[in-house]
Amino acid sequence: MSSSFFLKAGGKANKKRKNPAATKGKGVKTAAKSGKSGFQNARAEGPVPKKQRRPKEKDEEIESDDEEYNSDLGDGGHNTLAFSSDEGEEETAQDKRLRLAKQYLSEIEKQESERAEDRELGQSVEQRLQTDYLDSVGKLRRNIAGNLKTNDVTCVLKHKLHHMPICALALSPDGKFLYAGAKSQFVLKWSTQNGKVLDKCDVLPHREEPETGKKRRSHVIAICLSTDMKYMALAEGGPHIQIWCPQTMKHVKTLKGHRDSVAGLVFRKGTHDLYSAAKDRSVKIWSLDEMAYVESLFGHQTGVTSIDALSRERAITAGGSDCSLRIWKITEESQLIYNGHRDSIECVKLMNDEHFVSGGVDGAISLWSALKKKPICTTQLAHGVGENGVANWITAIAVVVNTDLVATGSCDGFVKLWQTNPNARKLQQIQSIPITGFINGLTFNADGTKLYVGVGQEHRLGRWWRHKEAKNNVVVVDIVLQNATGK
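Following the UniProt record's numbering, the numbering of the sequence shown begins with 1 at its first residue and continues without gaps.
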């Protein structure tokens, strides 16, 4: 169906379509007319380059981008294949993680190899911390007596100032210094590494006698050291206690309070609390932080002969002729009484917070539990009998704290080493060390590998017997263990 309207409109539309081309052609002709010679020259040279045509400039820029892109890839299909091979060689995320993991592991191995000694040190520190913790709560136990192989007397410490019998020994916590007292007015400080005397102190100028009119010789029969090596307490045969600095060997103070000779001294481990026992049948507590007397404990019927303590606020004492041992619970203000010896008890030592060992005039050594009033095990005539048929006194006892190793001394010419087993109720002798004379002092170092023996021609408390063949000196015994750690 035709209509003039549609035809007319269509015609107009066709005209509009042709107008731009016609206008464009006219413009070209006009330009040609105005510059005919230039146009002819251009036609002679050839067609106008595409870059000079304005509508094509955009296409040229696109083509140049494509060319740059293609130039990077190279020519033809060979270049396309090369690109695909490069793409295959690129590192994937999984390969990168694997490479980084290998690199990290190699760095760790290198660092660990460099820090092998540090790891060993860390393990030893960890073990030490665990040991110290168990020790602080009184639950540390080590069995070293079964590992004991041999013993050997390595050296003898002798000095002209100690020409009288050695009576007391005290070893520093680190085992580097040994303090020795004798039936003289001097205390000597020995180096355990080279066996030389480093210093000395004279107790005579600081001795203050009660107004009794009696004269006596200086007689250092007890020495103890605080854990931090700040104080050294001396019992010099009288009722007073002298406090010295063990590092400078200078006198600090004299503590007065006992009415008779002081027989034993001990510091509570890790503190400056000093416990003293004397022949006046009392036990006194002193605070050296304030240099003051704290309190007195009474209960023994005769003079107290020995005292010992560990880290807890408890002390154990031997009551001498009353044949009793007492554990003093200081905070609870109570005491536990133990009976078992048939004669005077001369010495007592705590093995740990639950067990202790005692020895006396009857020649017996007893192993005790704090939970029982009677001894677990008793060895009668542990050091035999003398020429007169009387039992040899137990004059000194030493223990390696929190272990099963015990040493005892008498006047029979031997220091004996014992293995204790509270669970099996056994006290078994394992070795004996021949040393002539009265054993007036015994002390172990911390790990039990060295034993220091104070030897004299006479007993430390009197002159009842005399061994003329004995020497007044300190004997150092090396004890060889199969496993030095005791584990």
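Note that beta-carbon positions come from the ideal geometry of N, C-alpha and C, so glycine has one too.
query, result
"Quick check on this structure: which residue in E332, Q335, T305 has the alpha carbon closest to the alpha carbon of C323?", "T305"
"So I108 is in the alpha helix (DSSP H); what residue range does that whole segment cover?", "93-114"
"Would you call the region 394-403 in contact with the region 423-430, where contact means no fewer than 3 C-beta pairs closer than 8 Å?", "no"
"Taking Cβ positions, are F177 and T227 nearer each other than 8 Å?", "no"
"Should G25 go down as buried or exposed, given a rule of 16 or more other Cβ atoms within 10 Å for buried?", "Low confidence applies to G25: its pLDDT is 44, below 50, so where it sits in the model is not reliable, and the reading given next is rough at best. Under this definition G25 is an exposed residue."
"Could you tell me which of R128, M232, N151 sits nearest to L140, measuring between CA atoms?", "R128"
"I'd like the list of long-range same chain contacts for G409, defined as Cβ closer than 6 Å, with 5 residues on each side in sequence excluded.", "T395, A396, V415, I439, L442"
"Apart from the five residues just before and just after T154, which ones in its own chain have a Cβ nearer than 8 Å to its Cβ?", "V476, V477, D478"
"Judging by CA-CA distance, which residue of W328, Q419, G413 is the nearest neighbour of I365?", "Q419"
"Report buried or exposed for Y452, applying the criterion of at least 16 other Cβ atoms within 10 angstroms of its Cβ.", "buried"
"Using DSSP with H/G/I as helix, E/B as strand and the rest coil, what is R342?", "coil"
"Starting from the Cα of K183, find the closest Cα among R142, R281, G238 and give me that residue.", "G238"
"Applying the 10 Å Cβ sphere with the 16-neighbour rule, what's the burial state of H206?", "buried"
"If you measure between the beta carbons of T317 and I330, is that distance less than 8 Å?", "no"
"If we define contact as Cβ-Cβ less than 8 Å, is C411 a contact residue for chain C?", "Note that chain C does not occur in the displayed structure, where there is just one protein chain."
"Suppose contacts are defined by Cβ-Cβ distances below 8 Å. Is I345 in contact with G386 by that definition?", "no"
"Rounding to the nearest angstrom, what Cα-Cα distance links Y179 and K200 in this structure?", "9 Å"
"Going by CA-CA distance only, name the one from H459, Q130, G303 that's closest to S282.", "G303"
"Please indicate yes or no: does the CB of S311 lie closer than 7 Å to some heavy atom of the ligand SAH?", "Absence of the ligand SAH is noted for the structure shown, with no ligands found whatsoever."
"Along the chain, which unbroken stretches of the beta strand (DSSP E) at least 3 residues long are found entirely within the region 317-361?", "324-329, 334-339, 345-350, 355-360"
"Could you tell me which residues DSSP pairs with Q431 in its beta bridges?", "L417"
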